[in-house]
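Heads up, the thing below is written out as structure tokens.
There are 2 protein chains.
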Amino acid sequence: MARQQRAMRTREALIGAVAEIVAQEGLAATSLTGISKRAGVSNGALHFHFVSKGALVEALEAAALARLRAVLEAPADARSRLQHLVDVTHALTRELTTDVVLRAGFVLCADVAWEPGADLRVHLRRWVEDLVREAGAAAELRPGAEPEGIVTAVVGAIAGFEVLGARDAVWLAPRTVARFWELLLPALAAPALLGTLDPAGTRGRP
Amino acid sequence: MARQQRAMRTREALIGAVAEIVAQEGLAATSLTGISKRAGVSNGALHFHFVSKGALVEALEAAALARLRAVLEAPADARSRLQHLVDVTHALTRELTTDVVLRAGFVLCADVAWEPGADLRVHLRRWVEDLVREAGAAAELRPGAEPEGIVTAVVGAIAGFEVLGARDAVWLAPRTVARFWELLLPALAAPALLGTLDPAGTRGRP
Numbered sequence: 001m002a003r004q005q006r007a008m009r010t011r012e013a014l015i016g017a018v019a020e021i022v023a024q025e026g027l028a029a030t031s032l033t034g035i036s037k038r039a040g041v042s043n044g045a046l047h048f049h050f051v052s053k054g055a056l057v058e059a060l061e062a063a064a065l066a067r068l069r070a071v072l073e074a075p076a077d078a079r080s081r082l083q084h085l086v087d088v089t090h091a092l093t094r095e096l097t098t099d100v101v102l103r104a105g106f107v108l109c110a111d112v113a114w115e116p117g118a119d120l121r122v123h124l125r126r127w128v129e130d131l132v133r134e135a136g137a138a139a140e141l142r143p144g145a146e147p148e149g150i151v152t153a154v155v156g157a158i159a160g161f162e163v164l165g166a167r168d169a170v171w172l173a174p175r176t177v178a179r180f181w182e183l184l185l186p187a188l189a190a191p192a193l194l195g196t197l198d199p200a201g202t203r204g205r206p
Numbered sequence: 207m208a209r210q211q212r213a214m215r216t217r218e219a220l221i222g223a224v225a226e227i228v229a230q231e232g233l234a235a236t237s238l239t240g241i242s243k244r245a246g247v248s249n250g251a252l253h254f255h256f257v258s259k260g261a262l263v264e265a266l267e268a269a270a271l272a273r274l275r276a277v278l279e280a281p282a283d284a285r286s287r288l289q290h291l292v293d294v295t296h297a298l299t300r301e302l303t304t305d306v307v308l309r310a311g312f313v314l315c316a317d318v319a320w321e322p323g324a325d326l327r328v329h330l331r332r333w334v335e336d337l338v339r340e341a342g343a344a345a346e347l348r349p350g351a352e353p354e355g356i357v358t359a360v361v362g363a364i365a366g367f368e369v370l371g372a373r374d375a376v377w378l379a380p381r382t383v384a385r386f387w388e389l390l391l392p393a394l395a396a397p398a399l400l401g402t403l404d405p406a407g408t409r410g411r412p
């Protein structure tokens, strides 16, 4: 049991190390020696867990997808689907500033040299599509607002905030996300719902 | 004169070759040998023009910035600043699908391993800021629409379309950009102006 826990911890340390290098310097700068050094793990232990750099990066990708799913699938405590959408975009940009595994997963997506197995952006787009469809079925959308347009604007902007945020953290600040929703919500929310929506997000508040 | 023209052509071929490799495979995959081979230029000729890979990538960056400026600073034939903004976003996404130098310039911006000299996205943000400020001064904005929110949504979405478009060209399609504006224009344009605006762009039309 102790040995299994140790093995698990080593594996997590290796994924954390590759995440830090990918997020800071990109995939190409990532070497097995650099990873084992940063994780404080011997080359032998690294090879026990991962046969190659590719296998380690795939494990990083899977870990990043799990983090993304945890953000997207957290229980909805909002009063409407649109408020839930707002709350989740706030949660996602906040996680991107603090969670290096999640950030590295998005850096991989943006790297033209990497062929993603699990494309985080595609996963995010499908999640937004589903939620917007549900919001439409629940009469939460403004009459005339096209679901495809809403998905385009929201997924496009989140992808943009993420990639711009890698160079300038202000793009991931709560104020930036709130400004985006202040502008967008009147265009997409049913008038009766609009007054109940908080562009700054409601998660974690009473 | 003939020699100068030849030298200019060689330089352009080298920049085109490095742009193709950066756009398709990323900066790390770019080697001087690969570049000279793709450009059909000897290693000696390459070194005559550029002392290092870094110098060549800087030349690519400068060329990409010049292409971006040509798109942003083309004469405005639209009837309003907001229509000009719509038209330029259409022109930019169209150029991104056809101009490999421009596309490679944005790939460089997204590469965490590259320290940009001329950040195309920062240039784009400043241009949008200026235009939105002018639109506000000309009473083209909807009362209550925050200029910062407009800049955030537009720059964020363009950055998103560009990075998503590198994997899936539909993000750079005219229909995608038009959908974005169909949703956004009612939220940001003065009501009297709204009816005159075409989300699909007016450039090149009578």
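In the order they appear, the protein sequences are chains A and U. Quick note on numbering: the numbering used here labels position 93 of the first sequence as 93, and the sequence is numbered without any gaps. The number in the numbering used here is simply the position in the second sequence, starting from 1, with 206 added. Where is the CB? At the ideal position from N, CA and C, for every residue including glycine.
Length of the line joining the Cα atoms of residue i and residue j
{"i": "L188/U", "j": "A280/U", "result": "Nothing can be reported for residue 188/U, as the shown portion of chain U is limited to 207 through 412."}
{"i": "R79/A", "j": "A178/A", "result": "18 Å"}
{"i": "L378/U", "j": "T30/A", "result": "31 Å"}
{"i": "A138/A", "j": "L400/U", "result": "29 Å"}
{"i": "A2/A", "j": "E264/U", "result": "53 Å"}
{"i": "G144/A", "j": "A190/A", "result": "10 Å"}
{"i": "V334/U", "j": "L291/U", "result": "8 Å"}
{"i": "D77/A", "j": "V88/A", "result": "11 Å"}
{"i": "Q24/A", "j": "V376/U", "result": "29 Å"}
{"i": "Q289/U", "j": "L184/A", "result": "19 Å"}
{"i": "E268/U", "j": "R167/A", "result": "Looking at the sequence itself, residue 268/U is Ala, so the reference to Glu does not match. If you take the alpha carbons of A268/U and R167/A, they lie about 19 Å apart."}
{"i": "D19/A", "j": "G260/U", "result": "Reading the sequence as shown, one finds Ala at residue 19/A and not Asp. Their backbone Cα atoms lie some 26 Å apart in a straight line."}
{"i": "E218/U", "j": "T402/U", "result": "42 Å"}
{"i": "E115/A", "j": "H49/A", "result": "22 Å"}
{"i": "L278/U", "j": "L220/U", "result": "25 Å"}
{"i": "G149/A", "j": "I356/U", "result": "16 Å"}
{"i": "M8/A", "j": "G201/A", "result": "36 Å"}
{"i": "A276/U", "j": "R212/U", "result": "24 Å"}
{"i": "A192/A", "j": "Q4/A", "result": "55 Å"}
Own chain residues within Cβ distance below 8 Å of residue i, not counting five before or after
{"i": "R121/A", "result": "F106, C109, V155, A159"}
{"i": "G16/A", "result": "A39, V100, V101"}
{"i": "P206/A", "result": "Because P206/A carries a pLDDT of 41, less than 50, the predicted location of this residue cannot be relied on, and the following value inherits that uncertainty. Closer than 8 Å at the Cβ level, and outside the excluded window around P206/A, lies no residue."}
{"i": "R126/A", "result": "none"}
Whole-Å CB distance - residue i paired with residue j, under 8 Å assumed
{"i": "S36/A", "j": "N43/A", "result": "5 Å"}
{"i": "L27/A", "j": "D111/A", "result": "5 Å"}
Neighbourhood of residue i by C-beta distance below 7 Å, restricted to the same chain and skipping five residues each side
{"i": "T152/A", "result": "none"}
{"i": "F386/U", "result": "A363"}
{"i": "R81/A", "result": "L131, E134, A135, A138, E140"}
{"i": "L271/U", "result": "G311, A324, L326, H329"}
{"i": "T10/A", "result": "V41, A45, H49"}
Chain-ordered chain A contacts of residue i [CB-CB under 8 Å]
{"i": "I356/U", "result": "L183"}
{"i": "F386/U", "result": "G149, T152, A153, G156"}
Short Cβ contact (8 Å threshold) for residue i with residue j
{"i": "T299/U", "j": "F367/U", "result": "yes"}
{"i": "R142/A", "j": "A113/A", "result": "no"}
{"i": "R409/U", "j": "H296/U", "result": "yes"}
{"i": "G371/U", "j": "L302/U", "result": "yes"}
{"i": "L252/U", "j": "L238/U", "result": "yes"}
{"i": "V369/U", "j": "V163/A", "result": "yes"}
Partners in chain U for residue i, counting only beta-carbon separations shorter than 9 Å
{"i": "D99/A", "result": "Under the 9 Å cutoff, chain U gives no residues; its nearest Cβ is about 16 Å from D99/A."}
{"i": "G26/A", "result": "G232, L233, A234, D317, V318, A319, W320"}
Cβ of residue i within 8 Å of any chain C Cβ
{"i": "T176/A", "result": "The chain labelled as chain C is not found among the protein chains of the depicted structure, namely A and U."}
Contacts around residue i, its chain only, beta-carbon distance under 6 Å, and the 5 residues preceding and following it disregarded
{"i": "E388/U", "result": "P405"}
{"i": "P147/A", "result": "V132, G136"}
{"i": "R309/U", "result": "A229, L302"}
Partners in chain A for residue i, counting only beta-carbon separations shorter than 7 Å
{"i": "L394/U", "result": "L183"}
{"i": "V313/U", "result": "V112"}
Chain-ordered chain U contacts of residue i [CB-CB under 7 Å]
{"i": "R121/A", "result": "L370"}
{"i": "V88/A", "result": "Within 7 Å Cβ-Cβ: nothing; V88/A doesn't reach chain U, min ~16 Å."}
{"i": "A159/A", "result": "G366, V369, L370"}
Beta-carbon neighbours of residue i, restricted to chain A and to distances below 9 Å
{"i": "E352/U", "result": "R179, E182, L183"}
Neighbouring residues, chain U, relative to residue i (Cβ below 8 Å)
{"i": "A207/A", "result": "This structure cannot settle anything about residue 207/A, because the visible part of chain A is limited to 1 through 206."}
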